[in-house]
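Data first, discussion second: the structure below is written as structure tokens.
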Amino acid sequence: MIEKEEGREMETDRVKLAPSILAADFARLGEQVAEAEQAGADRIHVDVMDGHFVPNLSMGAPIVQSLRRVTRLPLEIHLMVSDPDLFLDEFVEAGSDSFLVHWEGNGNLHRTVQRIKALDKRAGVVINPATPAAVLEEILQDVEQVLIMTVNPGFGHQHFLPTTLPKIRRVRQMIEQIKPECDLEVDGGIDAETAPLAVAAGANVLVAGTAIFGESEGVAAAMNRLRASITMGKTTSTNLMTMTSAKE
Ligand code: DX5
Ligand code: ZN
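Under the working numbering, think of the first position of the sequence shown as 699, with each following residue one higher.
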């Protein structure tokens, strides 16, 4: 379904879901990813943390290698590490399909993006909540994805920061002007309450960990609930846009 919102056509039915395995039960990881695939997940989001760029440790390339054997879904790697260039080859070898690299702390972001492209993988750039949208202007034409952090990176199960909504809208406008085919993804605190807000602001890919793997109802039911919230959000999105604009 196509509907008009803020002067642009938004295909809300085409919103993609990227379950983040950070919230999965690692003892049943293959099973949980298979459930997500069967329930129509579009890609699997893998959070890699080095305990330095963010104050937490998570997982490395061996997890990707194992997942590659159990799913055909694209595996997108969110690199929350101090030197992403060091890890690219290893993750490509393990079967990764795309890389999301942070603007923060990378003095040579353009070079990192070119390295990812030279490896024939999709490249995305990530910005933290305190980083302004404007830093994306020059790199946007070189990437296939932009990821806006809607929490501070490092941990799952945090609250969505509503102050990021105006930025999502600004980045959506920028994408429409510079590279309309670029994905606009959001990550952190996405659930049935916040997903419609992010989509109304212009996001077309939603990362969700806790809201998909942390629900007792199971992965498929949780994903259906998330999708239903987006569809229902369409009917109330005008009200929500008014509410959030008032806060700006
Ligand atoms: C946080 C990670 C997220 C995290 C999201 O640093 O980048 O991908 O897994 O988890 P939830 O959906 O639980 O906020
Ligand atoms: Zn992430």
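Even for Gly, the Cβ is constructed at its ideal location relative to N, Cα and C.
Which residue from the options puts its Cα closest to that of residue i?
i: glycine 852; options: Val731, Gln839, Asp723 and His750; result: His750
i: aspartate 740; options: Ile846, Ile876, Pro878 and Ser796; result: Ser796
i: methionine 921; options: Glu733, Val744 and Leu720; result: Glu733
i: alanine 737; options: His776, Pro717 and Asp840; result: Pro717
i: methionine 778; options: Glu842, Lys819, Asp889 and Val823; result: Val823
i: glutamate 802; options: Ile775, Ala831 and Lys819; result: Ala831
i: proline 878; options: Lys865, Pro860 and Gly900; result: Gly900
i: methionine 757; options: Gln730, Glu729, Arg767 and Ala722; result: Ala722
i: valine 905; options: Leu924, Glu913, Ala919 and Ser914; result: Leu924
i: histidine 808; options: Asn826, Val841 and Ile825; result: Val841
i: arginine 767; options: Asn806, Val731 and Pro827; result: Val731
Excluding the five sequence neighbours on either side, which residues of its own chain have a C-beta within less than 6 Å of the C-beta of residue i, listed in chain order?
i: methionine 930; result: none
i: threonine 936; result: Model confidence at threonine 936 stands at a pLDDT of 49, short of 50, so the residue's coordinates are unreliable; what they give is reported in the following sentence. Taken in chain order, the list of residues that qualify is empty.
i: glutamate 704; result: Legend: pLDDT at glutamate 704 = 46, less than 50; position of this residue unreliable, value from coordinates given subsequently. Within the same chain, glutamate 704 has no close Cβ partners at all.
i: isoleucine 761; result: none
i: lysine 945; result: Bear in mind that the predicted position of lysine 945 carries a pLDDT of just 48, short of 50, making it unreliable; the figure below should be weighed with that in mind. Contacts found: none.
i: asparagine 826; result: Glu802 and Met847
i: methionine 941; result: Because the pLDDT at methionine 941 is just 49, under 50, the model does not fix this residue reliably, and the value given afterwards should be weighed accordingly. For methionine 941, where only same-chain residues beyond five positions count, there are no Cβ hits under 6 Å.
i: alanine 759; result: Glu788, Phe789 and Ala792
For residue i, which residues in the same chain have their Cβ closer than 7 Å to its Cβ, ignoring the five residues on either side in sequence?
i: threonine 810; result: Pro782, Asp783, Val799 and Asn804
i: asparagine 754; result: Met747, Gly852 and Phe853
i: glycine 886; result: Met847, Thr848, Val849, Gln856 and Phe858
i: lysine 815; result: Ala821
i: isoleucine 928; result: Thr710, Val713, Ala893, Pro894 and Val897
i: asparagine 902; result: Arg712, Val713, Lys714, Asp881 and Leu882
i: lysine 865; result: Ala831 and Ile846
i: serine 698; result: The chain is shown from 699 up to 946; residue 698 falls before or after that span and cannot be answered.
Hey, would you say residue i sits closer than 8 Å to residue j, going by beta carbons?
i: threonine 862; j: threonine 848; result: yes
i: valine 752; j: leucine 773; result: no
i: leucine 834; j: valine 869; result: yes
i: alanine 725; j: glutamine 763; result: no
i: alanine 890; j: alanine 909; result: yes
i: lysine 819; j: serine 780; result: no
i: leucine 727; j: glycine 907; result: no
i: leucine 845; j: isoleucine 876; result: no
Along the chain, where does the alpha helix (DSSP H) that runs through residue i open and close?
i: phenylalanine 789; result: 786-792
i: histidine 808; result: 807-816
i: methionine 872; result: 863-876
i: isoleucine 719; result: It is not in any alpha helix (DSSP H) - isoleucine 719 carries neither H nor E in the DSSP assignment.
i: valine 897; result: 893-899
i: serine 764; result: 759-766
i: leucine 798; result: No alpha helix (DSSP H) contains leucine 798, which is instead part of the beta strand (DSSP E) from 796-800.
What residues in its chain sit with their C-beta under 8 Å from that of residue i, if we drop five residues either side in the sequence?
i: arginine 770; result: Glu735
i: leucine 817; result: Leu786, Asp787 and Val790
i: arginine 813; result: Asp783 and Leu786
i: methionine 872; result: Ala831, Leu834, Glu835 and Leu838
i: isoleucine 775; result: Val744, Val746, Val762, Phe789, Ser794, Ser796, Phe797 and Leu798
i: alanine 926; result: Ala890
Following the continuous beta strand (DSSP E) through residue i, name the residue where it begins and the one where it ends.
i: alanine 821; result: 820-825
i: isoleucine 910; result: Where isoleucine 910 is concerned, there is no enclosing beta strand (DSSP E), although the alpha helix (DSSP H) it sits in stretches over 908-911.
i: leucine 777; result: 773-778
i: glutamate 883; result: 881-885
i: leucine 727; result: Counting along the chain, leucine 727 falls outside any beta strand (DSSP E), though it belongs to the alpha helix (DSSP H) covering 727-736.
i: leucine 838; result: Leucine 838 -> no beta strand (DSSP E), and no H or E assigned at all.
i: isoleucine 742; result: 742-747
Can residue i be considered in contact with ligand 4, in the sense that its beta carbon sits closer than 7 Å to one or more heavy atoms?
i: alanine 739; result: For the structure depicted, ligand 4 is absent and the ligand set comprises only ligand 1 and ligand 2.
Which residues count as close to ligand 2 when the rule is a CB under 6 Å from any of its heavy atoms, in chain order? This selection yields Ser718, His743, Asp745, His776, Asp885 and Val905.
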